[in-house]
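To keep things clear, I will list the structure first and then write my remarks on it.
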Amino acid sequence: MQEPTFNPFTQDELILGIKSNEPKVLKWLYQSQYPKIEKYVAANNGDEDQAKDIFQEAFITVWNNVRSDKFIPENGTAVTGYLYQIAKNKWLDYLRSSKYQKTTNLDTKHDRSEEEEGNSESLQNHMEAEFKKLGENCREILKRFYFQKQTMETIAKAFQWTEATARNNKYRCIQRLKEKMNTLNN
Amino acid sequence: MDSNNLYSQQEFERIESYILGLMTEEEKLSFESELKIDQNLKTRYEDIKVLLQEVELASLKDSMEVFHAELKSSTPVVPINSKKPFTWKPLAVAASLLFLLAITLWVFLGNTTENEKLFTAYYQPDPGMVTAMGTNSNYEFDRGMVDYKTGDYQAAITRWEKLLAQKPHNDTLNYFLGSALLAVGDDKLALPFLQKTLETESGIFLKEASWYLGLAYLKSGNNAEALKYLQNSGREEAAEIIEKLK
Numbered sequence: 001m002q003e004p005t006f007n008p009f010t011q012d013e014l015i016l017g018i019k020s021n022e023p024k025v026l027k028w029l030y031q032s033q034y035p036k037i038e039k040y041v042a043a044n045n046g047d048e049d050q051a052k053d054i055f056q057e058a059f060i061t062v063w064n065n066v067r068s069d070k071f072i073p074e075n076g077t078a079v080t081g082y083l084y085q086i087a088k089n090k091w092l093d094y095l096r097s098s099k100y101q102k103t104t105n106l107d108t109k110h111d112r113s114e115e116e117e118g119n120s121e122s123l124q125n126h127m128e129a130e131f132k133k134l135g136e137n138c139r140e141i142l143k144r145f146y147f148q149k150q151t152m153e154t155i156a157k158a159f160q161w162t163e164a165t166a167r168n169n170k171y172r173c174i175q176r177l178k179e180k181m182n183t184l185n186n
Numbered sequence: 001m002d003s004n005n006l007y008s009q010q011e012f013e014r015i016e017s018y019i020l021g022l023m024t025e026e027e028k029l030s031f032e033s034e035l036k037i038d039q040n041l042k043t044r045y046e047d048i049k050v051l052l053q054e055v056e057l058a059s060l061k062d063s064m065e066v067f068h069a070e071l072k073s074s075t076p077v078v079p080i081n082s083k084k085p086f087t088w089k090p091l092a093v094a095a096s097l098l099f100l101l102a103i104t105l106w107v108f109l110g111n112t113t114e115n116e117k118l119f120t121a122y123y124q125p126d127p128g129m130v131t132a133m134g135t136n137s138n139y140e141f142d143r144g145m146v147d148y149k150t151g152d153y154q155a156a157i158t159r160w161e162k163l164l165a166q167k168p169h170n171d172t173l174n175y176f177l178g179s180a181l182l183a184v185g186d187d188k189l190a191l192p193f194l195q196k197t198l199e200t201e202s203g204i205f206l207k208e209a210s211w212y213l214g215l216a217y218l219k220s221g222n223n224a225e226a227l228k229y230l231q232n233s234g235r236e237e238a239a240e241i242i243e244k245l246k
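Following this line, the structure appears as structure tokens:
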């Protein structure tokens with residue numbers, strides 16, 4: 001029933017889904033749109049890994065801009081069109097950059113000031129790395145609570161904990177990240 | 001200035017519930033007035049806010065990796081510019097998959113009754129309806145519709161069953177709950193909900209509900225009931241089925 005080119009969601013559903021991190025909406029948006037960018041990058045001197053990096057950067061930009069209401073859809077293909085345009089621009093930026101002239105290794109991020117928040121890239125990368133280092137349970141509990149917005153009750157059930165235990169564990173996990181962040185800041 | 005290092009679970013949860021918008025209006029006002037005068041609290045609040053944003057972003061990246069891996073494992077995309085030598089292996093794999101599919105279909109259809117064959121030939125799940133998510137009262141219904149439209153009928157059923165307790169006579173709810181049950185193959189469970197849809201006065205789903213009732217009865221082998229509902233469905237295909245049943 002779900003075809004890659006057929007959009008099962010209205011713009012409102014997409015926007016609300018992005019704002020609430022609804023897994024089904026994010027998954028659909030990612031999986032239906034990525035192949036287009038892979039084709040575009042492949043046709044313009046890039047490979048699959050580069051396509052993936054560019055697309056994920058663009059996805060995060062769209063996610064940020066939708067949530068901060070910087071982007072408001074106007075027509076039927078607005079969100080997907082916006083995502084494609086940003087990814088395409090990012091790839092063109094990369095091709096024009098001096099980085100590309102010297103090497104084919106894609107490891108820098110491009111700052112298009114009109115698209116991105118000026119959030120510290122290095123903090124992001126460090127936090128991402130620290131998040132990955134957390135144990136499986138910690139990652140899962142933080143992801144469920146802060147990202148998927150599940151209630152503590154639901155999470156406790158999923159882990160077969162009491163709600164109090166779930167809350168304690170969440171606090172401990174977040175403390176671990178907090179400590180890492182303090183070391184980075186100092 | 002190491003104050004932001006040490007805070008209790010209670011304090012953390014209080015700040016967190018402010019950031020996540022989980023406070024009551026009263027708690028919120030009192031927190032905000034404290035925030036204005038307590039510099040320590042303000043520092044902690046800003047710290048935790050950044051931390052939670054980072055957790056969300058890290059979770060998004062984590063999710064994207066999962067989406068990507070799924071995409072790559074289900075549909076390998078052949079790069080347009082690739083000039084790989086031709087190999088027979090993918091063809092051989094495809095051929096054996098087709099063969100397996102043929103066997104499965106043969107076993108499956110070979111063992112079903114005429115009625116089930118007809119059902120399979122004509123049944124297509126209702127594609128679902130456009131919802132304007134965001135209006136509060138229908139939020140749960142709309143969430144279910146997102147599940148439904150992505151083919152996760154079981155999740156939709158779970159949401160809507162809860163909702164039905166509050167709105168037992170809502171025809172839209174009854175109709176889509178019935179449709180979702182039919183889609184997961186629970187045709188007998190679907191019947192009462194589809195029938196309930198017919199009892200309502202607004203009648204927007206009368207034709208659709210009749211069509212699916214007809215198909216559900218067809219599947220369960222009750223031809224008399226099937227004929228009755230198919231005739232009321234006004235569908236072109238209904239005439240074909242009726243012809244074949246005679």
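Protein chains in written order, with UniProt numbering: chain W, 1 to 186; chain E, 1 to 246. Note that beta-carbon positions come from the ideal geometry of N, C-alpha and C, so glycine has one too.
Quick check on residue i: buried or exposed, where buried means 16 or more other Cβ atoms within 10 Å of its Cβ?
i, result
"E:I37", "exposed"
"E:S59", "buried"
"E:N115", "buried"
"W:K170", "buried"
"residue 190 of chain W", "As displayed, chain W neither begins before 1 nor continues past 186, which places residue 190 of chain W out of reach and without an answer."
"E:D187", "buried"
"E:V93", "exposed"
"W:N168", "exposed"
"E:V78", "Note that E:V78 scores 42 on pLDDT, short of 50, meaning its location in the model is unreliable; the coordinates nonetheless yield the value given after this. Exposed is the call here."
"E:L218", "buried"
"E:F67", "buried"
"W:N21", "buried"
"E:L51", "buried"
"W:K132", "exposed"
"E:E16", "buried"
Identify which residue in the options has its Cα closest to the Cα of residue i.
i, options, result
"E:T197", "E:K162, E:L177, E:A121", "E:L177"
"E:F119", "E:L57, E:L22, E:F67, E:N222", "E:N222"
"W:P158", "W:N182, W:N137, W:N168", "It is Ala, not Pro, that sits at residue 158 of chain W in the sequence shown. Answer by Cα proximity: W:N137."
"W:E128", "W:K180, W:N65, W:G17, W:F71", "W:K180"
"W:T183", "W:T151, W:E163, W:L123", "W:L123"
"E:G203", "E:N170, E:L227, E:L181", "E:N170"
"E:A183", "E:I15, E:E65, E:A238, E:D152", "E:D152"
"residue 249 of chain E", "E:I15, E:H68, E:L215", "Nothing about residue 249 of chain E can be read from this structure; chain E reaches only from 1 to 246."
"W:V25", "W:Y40, W:V41, W:N7", "W:N7"
"E:E237", "E:A224, E:S220, E:Y212, E:K61", "E:Y212"
"W:Q148", "E:A180, E:V55, E:Q154", "E:V55"
"W:Y146", "E:Q195, E:E70, E:Y217, E:K49", "E:K49"
"W:N69", "W:L16, W:A166, W:Q175, W:I155", "For clarity, residue 69 of chain W is Asp in the given sequence; the question names Asn instead. Closest by alpha carbon: W:L16."
"E:L71", "W:S20, W:V66, W:Y30, W:L95", "W:Y30"
"E:E65", "W:E57, W:N65, W:I72", "W:E57"
"W:P73", "W:Q150, W:R96, W:E13", "W:E13"
"E:I19", "E:S220, E:L245, E:E46", "E:E46"
"W:F71", "W:N89, W:K27, W:I18", "W:I18"
"E:A239", "E:R14, E:L98, E:F31, E:Y122", "E:Y122"
So with Cβ pairs under 7 Å, would you call residue i a contact of chain B?
i, result
"W:L92", "The chain inventory of the structure shown lacks chain B, comprising the protein chains W and E."
Can you name, in chain order, every residue of its own chain whose Cβ lies under 7 Å from the Cβ of residue i, other than the five neighbours on each side?
i, result
"residue 202 of chain W", "No information on residue 202 of chain W is available, as it lies outside the stretch 1 to 186 that chain W covers here."
"E:G128", "M145, Y148, K149"
"E:L163", "E140, F141, L173"
"W:E130", "L177, K180"
"W:E153", "E163"
"W:Q33", "T80, L83, Y84"
"residue 285 of chain E", "Outside the displayed range of chain E (1 to 246) lies residue 285 of chain E, so it cannot be described from this structure."
Enumerate in chain order the residues of its own chain whose CB-to-CB distance from residue i is below 6 Å, with the five nearest sequence positions on each side excluded.
i, result
"W:I37", "A51, F55, A87"
"W:A78", "Q11"
"E:S179", "D126"
"E:S210", "Y229, N232, S233"
"E:A156", "G144, D147, Y148, A180"
"E:S73", "none"
"E:T113", "none"
"W:A166", "M152, I155, A156"
"E:P168", "none"
Relative to the ligand FMN, is the shortest distance from any of its heavy atoms to the C-beta of residue i smaller than 6 Å?
i, result
"E:L51", "The ligand content of the structure shown is nil, which means the ligand FMN is not present either."
Take residue i and list the residues in its own chain whose beta-carbon comes closer than 8 Å to its own, dropping the five residues that flank it on each side.
i, result
"residue 195 of chain W", "No information on residue 195 of chain W is available, as it lies outside the stretch 1 to 186 that chain W covers here."
"E:L227", "G214, I242, L245"
Going along the chain, which residues of the region 144-170 of chain E sit with their C-beta nearer than 9 Å to a C-beta in chain W? M145, V146, D147, K149, T150, G151, D152, A155
Cβ-based contacts, 9 Å cut-off: residues of the region 51-66 of chain E near chain W: From the region 51-66 of chain E, only L51, L52, Q53, E54, V55, E56, L57, A58, S59, L60, K61, D62, S63, M64, E65, V66 have a Cβ closer than 9 Å to chain W.
Whole alpha helix (DSSP H) elements within the region 200-229 of chain E, 4-residue minimum: Counting only runs of 4+ residues, the alpha helix (DSSP H) found wholly inside the region 200-229 of chain E occupies 206-220, in chain order.
According to a CB-to-CB cut-off of less than 8 Å, which residues of the region 18-34 of chain W neighbour chain E? N21, E22, P23, K24, V25, L26, K27, W28, Y30, Q31, Y34
Can you list, in chain order, the stretches of the alpha helix (DSSP H) that have 4 or more residues and sit fully within the region 109-180 of chain E? 114-122, 139-149, 153-166
Along the chain, which unbroken stretches of the alpha helix (DSSP H) at least 4 residues long are found entirely within the region 70-104 of chain W? 78-96, 98-102
4 or more residues per run - each alpha helix (DSSP H) lying fully within the region 126-185 of chain W: 136-142, 152-159, 163-185
Can you list, in chain order, the residues of the region 211-237 of chain E whose Cβ is nearer than 8 Å to any Cβ on chain W? Listed by position, the residues of the region 211-237 of chain E near chain W (Cβ gap below 8 Å) amount to none.
Pull out every residue of the region 55-79 of chain W whose Cβ sits closer than 8 Å to any Cβ of chain E, in chain order. Q56, F59, I60, W63
Which of the residues in the region 188-209 of chain E, read from start to end, lie with their CB under 9 Å from any CB of chain W? none
Of all the residues that make up the region 141-163 of chain W, which are near chain E by a beta-carbon distance shorter than 7 Å? L142, K143, Y146, F147
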